[in-house]
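Remarks on the structure that follows.
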Amino acid sequence: MGGRERMAEKLGGARLIPGQWHVAIRQSKEVQCLLRKDNPSGAGLSRAVPPIAPHVKRTLVRGEVQRVKTERKKVHDDILGFFLSPSDEMGGNGNGNGNG
């Protein structure tokens with residue numbers, strides 16, 4: 003007996019929902035009820051995409067925020083590097099005033 007089955011037994015025989023979403027939406031009356039359009043409890047649920055646990059959502063959001071921050075920093079550094087880097091075209095010492 004697996005962990006889910008043991009927990010269901012401890013809860014007094016709670017019904018198990020199949021672990022794979024595509025199976026659950028076909029076999030579980032509870033999931034089918036949640037997915038009905040007239041059921042406000044199922045708001046945000048989709049037949050195509052399984053629900054995501056809150057801790058997984060937080061991890062995904064943190065990763066996306068970090069990705070955006072990294073991309074912004076890269077763009078910022080590229081722009082800053084473009085304007086602040088010494089350039090031979092500007093004159094000898096790279097300060098941009100042509101005095102070199």
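Basically our numbering = 1-based index in the sequence shown + 2. Glycine residues also receive a C-beta, built at the ideal position from the N, C-alpha and C atoms. Please read all numbers here as calculations on a predicted model, not as lab measurements.
Helix, strand or coil at residue i according to DSSP, with G and I counted as helix
{"i": "lysine 59", "result": "helix"}
{"i": "glycine 39", "result": "Note that residue 39 is lysine in the sequence shown, not glycine. Note: lysine 39 maps to coil in three-state DSSP."}
{"i": "alanine 45", "result": "coil"}
{"i": "valine 77", "result": "helix"}
{"i": "isoleucine 27", "result": "helix"}
{"i": "glutamine 68", "result": "helix"}
{"i": "leucine 82", "result": "helix"}
C-beta contact flag for residue i and residue j at 9 Å
{"i": "arginine 28", "j": "leucine 18", "result": "no"}
{"i": "tryptophan 23", "j": "valine 51", "result": "yes"}
{"i": "glycine 44", "j": "cysteine 35", "result": "yes"}
Outcome for residue i when other beta-carbon atoms lying within 10 angstroms are tallied against a minimum of 16
{"i": "valine 67", "result": "exposed"}
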